[in-house]
Each structure stands twice: as C-alpha cells, then as structure tokens.
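Have a look at the structure below before the remarks.
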Amino acid sequence: MKLDAKIPSGPISEKWTKYRSTVRLVSPANKRKLDIIVVGTGLAGASAAASLAELGYKVKAFCFQDSPRRAHSIAAQGGINAAKNYQNDGDSTYRLFYDTVKGGDYRAREANVYRLAEVSASIIDQCVAQGVPFARDYGGLLDNRSFGGTQVSRTFYARGQTGQQLLLGAYSALNRQIEKGQVQMFSRHEMVEVVVVDGKARGIIARNLVTGELERHGAHAVVIASGGYGNVFYLSTNAMGSNVTAAWKAHKKGAFFGNPCFTQIHPTCLPQSGEYQSKLTLMSESLRNDGRIWVPKNKVDAEAIRTGTKVAADLTEEARDYFLERRYPAFGNLVPRDVASRAAKEMCDAGHGVNPTGLAVFLDFRDAINRLGKDVISARYGNLFEMYEKITGDDPYSTPMKIYPAVHYTMGGLWVDYNLMTTVPGLYAIGEANFSDHGANRLGASALMQGLADGYFVLPYTIGDYLADEIRTTAIDTKHAAFEQAEKDVAERYKLFTSINGKQSPESFHRRLGKIMWEYCGMARNAEGLTKAIGLIQDLRKEFWSDVRVSGDINAFNPELDKAMRVADFIELGELMVRDALTRKESCGGHFREESQTEEGEAMRDDENYAFVSAWEFAGVDAEPVLHKENLEFEVVKLTQRSYK
Amino acid sequence: MSKENLNLTLKVWRQKGKKDKGGFETYKLKGVSTHASFLEMMDILNEELITTGKDPVAFDHDCREGICGMCSMYINGRAHGPQRGTTTCQLHMRHFEDGETITIEPWRATPFPVIKDLVVDRSAFDKIQQAGGYVSVNTGNAPDGNAVPIPKADADEAFNAAACIGCGACVAACKNASAMLFVSAKVSQFALLPQGQPERKERVGKMVAKMDELGFGNCTNTGACEAECPKGISISNIARMNREYLGAVLAPGN
Numbered sequence: 030m031k032l033d034a035k036i037p038s039g040p041i042s043e044k045w046t047k048y049r050s051t052v053r054l055v056s057p058a059n060k061r062k063l064d065i066i067v068v069g070t071g072l073a074g075a076s077a078a079a080s081l082a083e084l085g086y087k088v089k090a091f092c093f094q095d096s097p098r099r100a101h102s103i104a105a106q107g108g109i110n111a112a113k114n115y116q117n118d119g120d121s122t123y124r125l126f127y128d129t130v131k132g133g134d135y136r137a138r139e140a141n142v143y144r145l146a147e148v149s150a151s152i153i154d155q156c157v158a159q160g161v162p163f164a165r166d167y168g169g170l171l172d173n174r175s176f177g178g179t180q181v182s183r184t185f186y187a188r189g190q191t192g193q194q195l196l197l198g199a200y201s202a203l204n205r206q207i208e209k210g211q212v213q214m215f216s217r218h219e220m221v222e223v224v225v226v227d228g229k230a231r232g233i234i235a236r237n238l239v240t241g242e243l244e245r246h247g248a249h250a251v252v253i254a255s256g257g258y259g260n261v262f263y264l265s266t267n268a269m270g271s272n273v274t275a276a277w278k279a280h281k282k283g284a285f286f287g288n289p290c291f292t293q294i295h296p297t298c299l300p301q302s303g304e305y306q307s308k309l310t311l312m313s314e315s316l317r318n319d320g321r322i323w324v325p326k327n328k329v330d331a332e333a334i335r336t337g338t339k340v341a342a343d344l345t346e347e348a349r350d351y352f353l354e355r356r357y358p359a360f361g362n363l364v365p366r367d368v369a370s371r372a373a374k375e376m377c378d379a380g381h382g383v384n385p386t387g388l389a390v391f392l393d394f395r396d397a398i399n400r401l402g403k404d405v406i407s408a409r410y411g412n413l414f415e416m417y418e419k420i421t422g423d424d425p426y427s428t429p430m431k432i433y434p435a436v437h438y439t440m441g442g443l444w445v446d447y448n449l450m451t452t453v454p455g456l457y458a459i460g461e462a463n464f465s466d467h468g469a470n471r472l473g474a475s476a477l478m479q480g481l482a483d484g485y486f487v488l489p490y491t492i493g494d495y496l497a498d499e500i501r502t503t504a505i506d507t508k509h510a511a512f513e514q515a516e517k518d519v520a521e522r523y524k525l526f527t528s529i530n531g532k533q534s535p536e537s538f539h540r541r542l543g544k545i546m547w548e549y550c551g552m553a554r555n556a557e558g559l560t561k562a563i564g565l566i567q568d569l570r571k572e573f574w575s576d577v578r579v580s581g582d583i584n585a586f587n588p589e590l591d592k593a594m595r596v597a598d599f600i601e602l603g604e605l606m607v608r609d610a611l612t613r614k615e616s617c618g619g620h621f622r623e624e625s626q627t628e629e630g631e632a633m634r635d636d637e638n639y640a641f642v643s644a645w646e647f648a649g650v651d652a653e654p655v656l657h658k659e660n661l662e663f664e665v666v667k668l669t670q671r672s673y674k
Numbered sequence: 085m086s087k088e089n090l091n092l093t094l095k096v097w098r099q100k101g102k103k104d105k106g107g108f109e110t111y112k113l114k115g116v117s118t119h120a121s122f123l124e125m126m127d128i129l130n131e132e133l134i135t136t137g138k139d140p141v142a143f144d145h146d147c148r149e150g151i152c153g154m155c156s157m158y159i160n161g162r163a164h165g166p167q168r169g170t171t172t173c174q175l176h177m178r179h180f181e182d183g184e185t186i187t188i189e190p191w192r193a194t195p196f197p198v199i200k201d202l203v204v205d206r207s208a209f210d211k212i213q214q215a216g217g218y219v220s221v222n223t224g225n226a227p228d229g230n231a232v233p234i235p236k237a238d239a240d241e242a243f244n245a246a247a248c249i250g251c252g253a254c255v256a257a258c259k260n261a262s263a264m265l266f267v268s269a270k271v272s273q274f275a276l277l278p279q280g281q282p283e284r285k286e287r288v289g290k291m292v293a294k295m296d297e298l299g300f301g302n303c304t305n306t307g308a309c310e311a312e313c314p315k316g317i318s319i320s321n322i323a324r325m326n327r328e329y330l331g332a333v334l335a336p337g338n
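Right, dumping it as structure tokens:
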C-alpha cells in the first residue's frame, strides 16, 4: 500500500482556504441520515462531536470516565497558542507555523502545520463566545504571555487551568447538542473494537463499564479522539485511565501507527517518592524562569543529601553544579524541554541525584527570593508552591524543590492524511491520538491548540469529503456478520483474562512494562538497549498471558478487567515503540539516539536518511510490523540544526 | 515529622451493586509510607486483596492531580478527608497518625446512587448542565475575541466560579443533599459575562428546575458545601443564583 497524504497543491498559504472552499459537501437533508461515532470527549473529541452535531449529523459520543467533562485535557495548565498578534509584537500565521515546524525538529508535515496556525485565531474567538473566562488585562482585553522559548507573546491562558476552562467550554457545547438530541452520550463506556465492513469503518464494539455488557454501535464514520499513550511508561503525567486501547484496536484493524517512538518528556515534574507511586505530577514550566537547577558537584555530598545527613542549605556555592547554566550559557535554565530533561538524567545517572531514589535535581528559588523578595515570587508562583507543599510536605520558599523529568505527551499516534483520515477508509483520528502536527517535539501550549483545531475547524470540513459518497448508505446494520465476529472476538478475550487465574495483578505487569520502557526507550536510547527491550517485552507479554489474575465477573462493573485489556494493549504497543526507536537511527526532538550525537553530546539529526514519517502496519502479534515511509518535503522552511549553546 | 510508615485500620464501605445492601469491612494495612497519597494507600490495599484472592475495593479516580473531579470518598466523616481545599487524590498520608482507624464511605445522596463500593453515579450533574449550562453559539459564529472587552474583575470572578470541578463534595457534605453550590457556580459564570446575557433568565430557570426534578435538596445556609469544596467555590454564588432566579421568574414577560 502506498501512503498518500492527500496534501492539496498550490502555495502553502492558499492550500487550506482553497481546499475547504472546494471540498465536497453533504446537504443538510443528507446529513441527518448519517451517523458518526466519536470516541473520547477531551478537547478534540468534545469539540468535534459538538461541531458535527451542529452541522446536522447524528453523533454518538463515548467516554470511559463517568462524565465527558473529566477527560485528561482538563489537566493542561499553561495555555493555548494562537497567532492573533494582539500584542503587536510581530506574530503571524507564518511565524507560528515556522516555530512549530522548527520546534518539532523538522519531522512534521508542513501543510498540516500551516493549517493549524491558520485556524488558531478562530479557536480563541470561539472559546470567548462560549464564555471561557480567559485572563484579561485591566482594559478588559485578552492577556497573553510568552511560553516555552518563543520570542512572541501568543499564549492565551486562564490562570494555571487553561485546559480545564477550554474543556468545560467544549463540554458545554456538547451538552447543548445532547439536550437537543443531536448527540447521544455514552459515559462509562470503553471502545474495545473497531468494526470494519467491506474495508470501511462501520462502527465499534463498546463495553458498558457499569453492566459489563458488550454493545454494538454502527455509524457511517468513526472518529478516534482517545488521546495519547504516555501511560505505556506506567509513570507519567497522564491520568490513571488514559490508555491506548481505542487507538491500538484501530491499528490492529488496519490503521497505520505514525512515529510511535516520539514521546515528550517534561523536565519539571515531581520525582517518584516510592514504589507505590501511581503517577507523576507536572509543575508548570514557568518555574524555570526564576528557579536555578543544580546538583551537588561532589558525589559524597549527593549521597549525604540522599540519606538525610545533609540538606541543600549546607552546601556552599562552590559545592553546587548549576549544570544547565554551565553547559548552555546562552539559554541556561531555559533550554527546551528535551535538552533540560536529558541533562538532568545524565547528572543523576552519574550519581549526583538528590532524593532517596537518586533520581531528582534541585530547582532552587533562593537567589530569586533574595533578589526579588518573597512577595514577588509568591505572586508569580504561589499556587504552584502550595501544590508542591501539599504533595511533598516541603516548603519551597525555604528549601529547594526536587524535580525530575516525566513522560507527558506523545507526538506519535495513528497516521492520518490531510483529511485526518487513517489508512482505514471512514476511520479518523484527531487530537493527541493522531501523529499530526508536532513532529518530534511539541512546543508548550500547542497541544490544546491542535486538539481544538482538529475538532472545531478541520474535521467538520474534511469529513464531508468522505461522507459525500455515503449518502446512499442506509443506517448501518449491527446484525452484520462483521459485528457478530467482532463482538465474539472481544468476548473471548475477556473470557481469557478471567480464565488464566494467575498470581499477578494487571497493575503489576503495567509497572514492569513501564520500567522496561523508561530504561530502554526513555530519554536516551541505543541499539543495544532497544534490542534487549524487544526480548524483555515479549517475555513480559508471555508471562502476562499465563499468569495474570483478573478477579470479579465479566458481566459486571469490573475495573480490574478494564485494566487488563488496557495493559495487554500497552504491552503490544510498547514493542512497536521500541522497534520504531530502533529503526530511527538519528536523534531528533524527544528521540535521542546515543549513537547520533555531536561532539558536545547534543542531538544530531540525519535529514538525508530520516526526513520521513514512520507509518507502521500491523502484521500480527507475533509477526514483525511492516514499515511504510511518508517522505517529508520541506518547500518553505529551511532545515537547520538546533543549537542552544 | 512523625513516623515514616503507618500501620492503619481501614473501615471501608463495601456494596456489590446499586440494589444490594452494603456494609463496612475492616482491613489492616501495615507500613504505609507517609509520602503516599490517599489513593496510593488504596492501591496498596487493593494489591493485597488481589494477591490474596479477594475482590478489590472499587473507587473512582483518574487524573490524580486534583482537577478532573473523578475522585470522591467520604473520609472520617468529611468529603475528600480532613485537609481543606484538597481533593482525595492530593490528600497525603502524612495527615494521618500511626495506628489510626480510617473510615471510608461513598458520597451519600439519593441523586447519587452507589454503583459499587465507593463508586457513585453522578450523571445527575451532567443532566443539570445539559438543561442550560451553555451559551448557544455554533462553531464558526464567533466575533473577534477582543470585540467585547470584559472588565478584569468580572472575568476573574467568572473564573472563580468556573473553577468548579464537578466532584459532588458539596452535595455529599450537605445535610439536604443540595446541589446549589454546583449549579450556582455555572449560573454565576455566565451571569457575570456578556456572552451569557441573552439566555440569562432562561438558563437559571431551566437549571434550577432540573436540579429540583432530579431530587437534590434545597439550601438552608449551613455552609458545609463551601467548607468542603476542594476548589474553594464561594457560597456567595448561591446568593447570586437566588437573585438571578427571582429576577427570572418574577420579571415581567416571564
């Protein structure tokens, strides 16, 4: 199969305008005969479900949480980018496009990124009209801040809860359509299979998580908006329930998986405190504006701090190594996320870590407090300091914070063309679930932008191109043999889980998978480790299927059973990620191959051999997946090596 | 700081399903780190239950960073436990004593029926939002974001109300099982913003009617909701909603 990204011809600034003006339409009389399933109700899913329903399509929306309002988009803190140029500081669609392509280390598709930048301004207008309470200045106009190393202020925000407010906006739009009967909402439902009939996605099998019942739902198109797969590492900043199951089932039914090894590791998270740890908490990146990152220069001091015989304050200035300021004098503590994360890991690996696990570095506000006063620091970061104290019991005003990098976003995902359609006709992927627009590294405040762009302003147009051919297709018959078979397969898998009667919980397998992934496919990767990881994951998979213990009934509320399904999928995905990382022998963005670095130890891209998207085709659980390549053509942006020295 | 590890006695509400009779079960848990979160303590309990062949305790949880509103739990007689302004997921074990007995119950309110153990059905909250918790604006219809300036004070106050996470602690804490803090937070957000004005009267009427229909009680100003709200939503929102409601039902033309 040859990959066709279906990028419209013409100059980049005219592609989207021309395309959406000429893309095929479905008349209102036909729209109301067409069903669309949307899986997931985060920013992408909720905005898509609401917008498609407004257009007149009949929508069924699914989420595993008890309410669509709880999707993990709600936890995004920092903000949302938009090329409004309200600050008159020279921002433009082109600049946002350029920053995104460069920030992604030149592994994103130019046409998609330009479209994203183009529609970004409309997102802000839409959200304001919904009553989203963005931050405003004293004149009553929208406020902006700069974010993540860009040189303009284009980030809109609602205190440290921007994701929450944007999601509640999309949720309100969704609620309006539910009330009108245009959207049927299925909460506490998990999609556990895609149903493909004659090569087209025609519905899903969903598990009602309250009753355990398997349900068949038919539709003319299926949209996967189920988020990212960061939880493959077990410990991440994702919610506990965030999972890859919907995307993975789609992959196994023929949707290619794009760039699975591209994961983002965020430098300022709270470190793990013990084996019982269930998740990691992100602290806003803004802390690096005033905090200085350091470790003890001397390993003996580090050991003393780990065992509690010394505290940070005991160390003189000479005994401290401000390693980011030392290595990157130009950017210092403000180097991009991937660079800061790797440097912290290197210091800890060399024995300089500062918490009992040895995996933490200090983020110190002492100098900032001395320079600016406690009140100024409190005004800037008060809520973050409070949250830190709540979780750790330490007061960051008097003792430095301890931080460590954690997995927090996945740039990879289901491969989609310009229409956001996967390689299965009628099956779409939007938001973090697709491989999309961020290349090998996502810029801060761009995830919210992409989720809402896909849902409000891209998919509602592009889905018409496919559905225009479906207007003669009557309501999908869920008695069709394909539905029958899909339901049977799922039921058998559940039966298998409960019949193994092993000794280990699904959770314990998940933890072990996470450790393998973090060790060999985390912040730094090499051929030897990755090769070893494939074997370890395969062994883990075999052990899972012979020794997992799933208690409780199949036909009842049973979180253990749900967890088992998710962990089984994560194990399979983990292997694909490792294979992808092994194949990509260059370093780029969040993907650092130790074999591909400059003399100073920085990431080195290989544009000649790796300027492509990896799109993996599933070939069977025990078979090697097939790699397809979408070559990336850069017509507008010139490729250069990033440098932060 | 006291001991690093705690030995605890847990009295946990177990209930098989909505129609079954529930009751407390007692469990002993040893060596729980004071750095663990309350839900991680529950994870440890469940891991023990699973490995000894018993049914783990079902409880709702998701983001574990205090924003999704999924976690609940009535701990020692208080919604989200003893620490003010904190959801159960951000409550840490250092707030408990070695040897303590901790009682853990689900939210108790007629409109929130128990699904299993500590998990309750809060879909009534969604239904109230569906009744009118929105501004009717289709995608693509919006004017420029800066077309209508909004005084900073109004925007800030609207944000304070909009910060509600919909966890249901207010209902659980209220002796009347009233949802007025939850409903008033949404009513206030839109009443304070220009975008909310066209549907202002209709909205409050519909949301209050739906709240009553679903069986939530009324407010008698005891203030438990505000005291137990993990996000500090102010009870003054209820006063605003009452004004809005009176204005809507008594106004000429209604």
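Taken in order, these protein sequences are the chains called A and B.
Just so we're aligned, residue 30 is where the first sequence starts under the working numbering, counting upward by one.
Just so we're aligned, residue 85 is where the second sequence starts under the working numbering, counting upward by one.
Think of the CB as a built atom: it goes at the ideal place given N, C-alpha and C, for glycine as much as any other residue.
Since this is a predicted model, take the numbers as computed values, not measurements.
Check, Outcome
"For Lys282 (chain A), the three-state DSSP class (helix, strand or coil)", "coil"
"Three-state secondary structure (DSSP) of Gly107 (chain A)", "coil"
"Exposure of Arg327 (chain B), with buried meaning 16 or more beta-carbon neighbours within 10 Å", "exposed"
"Chain E residues whose Cβ lies nearer than 8 Å to that of Thr170 (chain B)", "Here chain E cannot be found, since the structure's protein chains are A and B."
"Inter-residue Cα distance where the pair is Ala90 (chain A) and Tyr410 (chain A)", "38 Å"
"Under 8 Å between C-beta atoms of Tyr200 (chain A) and Ile41 (chain A)", "no"
"Under 8 Å between C-beta atoms of Leu569 (chain A) and Val261 (chain A)", "no"
"Segment contact flag, the region 396-416 of chain A with the region 247-262 of chain A, C-beta cutoff 8 Å, min 3 pairs", "no"
"Stretch pair the region 157-176 of chain B + the region 245-260 of chain B: three plus CB contacts closer than 8 Å", "yes"
"Asp120 (chain A) at chain B interface by Cβ criterion, 8 Å", "no"
"Bounding residues of the beta strand (DSSP E) (the contiguous stretch that carries Ser625 (chain A))", "Careful: Ser625 (chain A) lies outside any beta strand (DSSP E) and carries neither H nor E."
"Residue of B:Arg98, B:Thr306, B:Arg178 minimising C-alpha distance to Ile322 (chain B)", "B:Thr306"
"Cutoff 8 Å: Asp139 (chain B) Cβ touching any chain A Cβ", "yes"
"Contacts of Lys281 (chain A) in chain B (Cβ-Cβ under 7 Å)", "Within 7 Å Cβ-Cβ: nothing; Lys281 (chain A) doesn't reach chain B, min ~25 Å."
"Neighbourhood of Ile36 (chain A) by C-beta distance below 6 Å, restricted to the same chain and skipping five residues each side", "Ala140, Tyr447"
"Tyr523 (chain A) burial status per 10 Å Cβ neighbour count (16 or more: buried)", "buried"
"Chain-ordered neighbours of His101 (chain A) on chain B, where CB pairs are closer than 8 Å", "Asp146, Cys147, Cys152"
"Cβ of Ile134 (chain B) within 8 Å of any chain A Cβ", "yes"
"Listed by chain order, chain A residues near Lys103 (chain B) by CB distance under 9 Å", "Those do not exist, as Lys103 (chain B) stays about 13 Å from chain A at its closest Cβ, beyond 9 Å."
"Thr310 (chain A) at chain B interface by Cβ criterion, 8 Å", "yes"
"is_contact[Gly107 (chain B), chain A] using C-beta, thresh 8 Å", "no"
"Classification of Asn362 (chain A) by the beta-carbon crowding that lies within 10 angstroms, buried from 16 upward", "buried"
"N- and C-terminal bounds of the alpha helix (DSSP H) containing Asn321 (chain B)", "320-334"
"Neighbouring residues, chain A, relative to Ser320 (chain B) (Cβ below 9 Å)", "By Cβ distance, chain A contributes nothing, its closest Cβ being about 17 Å from Ser320 (chain B), past 9 Å."
"Rounded distance between the beta-carbons of Ala242 (chain B) and Pro162 (chain A), thought under 8 Å", "4 Å"
"Cross-strand partners of Ser121 (chain B) (DSSP beta bridge)", "B:His176"
"Assigned secondary structure, Asn318 (chain A) (DSSP; H/G/I helix, E/B strand, else coil)", "helix"
"DSSP state of Ala253 (chain B) mapped onto helix, strand, coil", "helix"
"CB contact check: Tyr111 (chain B) to chain A, cutoff 8 Å", "no"
"Chain-ordered chain A contacts of Gln279 (chain B) [CB-CB under 8 Å]", "Val157, Ala158, Gln159, Gly160"
"Proximity test, Cβ basis, 8 Å: Leu145 (chain A) and chain B", "no"
"Residues, ordered as in the chain, of the region 71-90 of chain A that lie near chain B by beta-carbon distance below 8 Å", "Ser76, Ala79, Ser80, Glu83"
"Test: Glu219 (chain A) CB closer than 8 Å to a CB of chain B", "no"
"Contacting residues, own chain, Cβ-Cβ under 6 Å from Ser271 (chain A) (five flanking each side not counted)", "His101, Gly256, Asn260"
"CA-to-CA distance, Ala511 (chain A) to Glu219 (chain A), given in whole angstroms", "19 Å"
"Residue-chain proximity (Pro489 (chain A), chain B), Cβ-Cβ < 8 Å", "yes"
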